[in-house]
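Taking it in order: structure first as structure tokens, then the write-up.
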Ligand SMILES: [Zn+2]
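Numbering (our numbering), first residue to last: -6 to 492.
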């Protein structure tokens, strides 16, 4: 059977409900909506986790985030590029500067060509002048203002301060945003330099974009100072991950939503550029182009901003679209519940068959959707001499965990670290178990705990297998070294003898 190109486009932090094709009233994503109209749109997609390192485990290896110890690519056998490579594909991965999906976590494995832009730290606020130090200190010092006194006071105060610095010193405190332009230009130069346009092999490609991740874009009519101070606010709350004493002001949430919309507009333009590059290299022919996100983002819902260590539905309900040749799709909507793990299976199946044909039959029989995560804070990480922020490659059984199970129209969340259960509807409204949900709750409780125990066993096996492999490798390496030494000795002796 003739193979097909497979292109996976992941957009970090893209929420489903902000896209026109999923019912958003504003027209901010015409390109994505157009692709959805021509291709296949998955109506009911769940992320298997609420943040990057956990969700990408499911997208790229088809496993649950907690099925193996730690983040990253633990075993390459199930890793998408590795499988495609074994089938004779050329593989290319370009990941927009997100350390959580970099080479450090093993995401470079199986790719012929892989870029993660992690060779040098790029940041607009890294300027080594005293002013930047002052503003950084100010930002940290003002953190508590937003928690204690309230966000409106914080924005009022800090944005004016930033404005003064801008006007007085001409110093721009707007943070570095990773633009899609870098990914696309890297892709173009890679395709050019390798002459891939004339290559008969099929291609598996993974492109990851950070344009929708905070810091968000700056909408028209909003000052840089306001954007900057709202960015600080999001950043603080994302890291703190706790509800502030004073709820976020509604007017401020509205501003943040406008910024988020702008990020989607920017990304949508990026996709247009990307499609024209792909089409120029004839990579849209006999191809399946998957577009999905790793998780959503909180924009003031539940009193929170960002996306860390949480399993709210704003984070779990994601978009998934597959674009294929114009003729093959045409308004196909798949309504059954699927998770990122099902999309992983589809990505593999699309090597041989278009997704628009595959979905004529049910692609999964998910009655239950599990989402989960390790929720420990990140440590420090170095890569190519530069410091980044994570060093939790090997999380063990002591790591704190968070689980959720969605079944029908109910959700059960379990915080393993404090043994707390939350029984809710699909909008995270807490339900009274004693009212009418007792049997459902008991049933879900049982299912969730069976899942947790199975995963615990899986982690143990994965770890043992990993250790065994490492030991075998060590023994083989030693044997090789020994035989090399012997050869060298013999060569030395014969040299001596011939003298
Ligand atoms: Zn992410």
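All C-beta atoms, glycine included, are put in the ideal place defined by N, C-alpha and C.
Look at residue 299 here: in three-state DSSP terms it is strand. Residue 143 has its alpha-carbon roughly 32 Å from the corresponding atom of residue 40.
Boundaries of the alpha helix (DSSP H) harbouring residue 258: 243 to 273, taken from the DSSP string. Here the region 23 to 30 makes contact with the region 259 to 273; the two share three or more CB pairs at distances below 8 Å. In this structure, 83 is the residue among 407, 83 and 273 with its C-alpha nearest to the C-alpha of residue 187. When Cβ pairs closer than 8 Å are counted between the two stretches, the region 200 to 216 is seen to touch the region 172 to 186, the count reaching three or more.
Remark: the C-beta of residue 45 is in contact range of ligand 1, defined as less than 7 Å to any heavy atom. Separation of residue 329 and residue 364 (C-alpha to C-alpha, rounded to the nearest whole angstrom) is 17 Å. For residue 97, the number of other beta carbons within 10 angstroms of its own is at least 16, and it is reported as buried. Every alpha helix (DSSP H) stretch that sits fully inside the region 47 to 93 and reaches 4 residues is listed by chain position as 73 to 79. Boundaries of the beta strand (DSSP E) around residue 313: 310 to 316.
In terms of CA proximity to residue 311, 42 leads the group 42, 0 and 20.
Ranked by Cα distance from residue 422, the first of 55, 64 and 306 is 306. Around the C-beta of residue 453, fewer than 16 other C-beta atoms lie within 10 Å, and the residue is accordingly described as exposed. At a threshold of 7 Å, residue 207 does not count as near ligand 1, since its beta carbon sits no closer than that to any of the ligand's heavy atoms. DSSP places residue 418 inside the beta strand (DSSP E), whose first and last residues are 413 to 418. Annotated as distal: residue -4 and residue 316, with beta-carbon spacing of 8 Å or more.
Between the alpha carbons of residue 350 and residue 34 lies a distance of about 13 Å. Here DSSP, grouped into helix, strand and coil, assigns residue 44 to coil.
Between the region 427 to 435 and the region 400 to 419, the count of C-beta pairs closer than 8 Å reaches three or more; the two stretches touch. Apart from sequence neighbours up to five positions away, the residues of its chain that approach residue 344 with a beta-carbon distance below 7 Å are -4, -3, -1 and 80, ordered along the chain. In the three-state reduction of the DSSP assignment, residue 277 falls in the coil class.
The three-state secondary structure of residue 201, taken from DSSP, is strand.
The Cβ atoms of residue 47 and residue 301 lie no closer than 8 Å to each other.
Pairwise C-beta distances place the region 50 to 59 out of contact with the region 288 to 299, as fewer than three of them are shorter than 8 Å. Note on residue 89: 16 or more other CB atoms within 10 angstroms of its CB, so buried under the neighbour-count rule. The Cβ atoms of residue 289 and residue 231 do not sit closer than 8 Å to each other. At least one heavy atom of ligand 1 is found less than 7 Å from the C-beta of residue 6. Assignment of residue 410 by DSSP, reduced to helix, strand and coil, places it in the coil class.
A Cβ-Cβ distance of about 7 Å is found for the pair residue 180 and residue 200, placing them in contact under the 8 Å criterion. Apart from the 5 residues on each side of it in sequence, residue 216 sits with its Cβ closer than 8 Å to the Cβ of 152 and 156 in its chain, given in chain order. Residue 397: member of the beta strand (DSSP E) spanning 394 to 400, first to last residue. With respect to residue 3, residue 339 sits apart: the two C-beta atoms are not nearer than 8 Å. With 16 or more other CB atoms across the displayed protein chains lying within 10 angstroms of its CB, residue 325 is buried.
Classified as exposed, residue 193 has fewer than 16 neighbouring CB atoms from the shown chains inside 10 Å of its CB.
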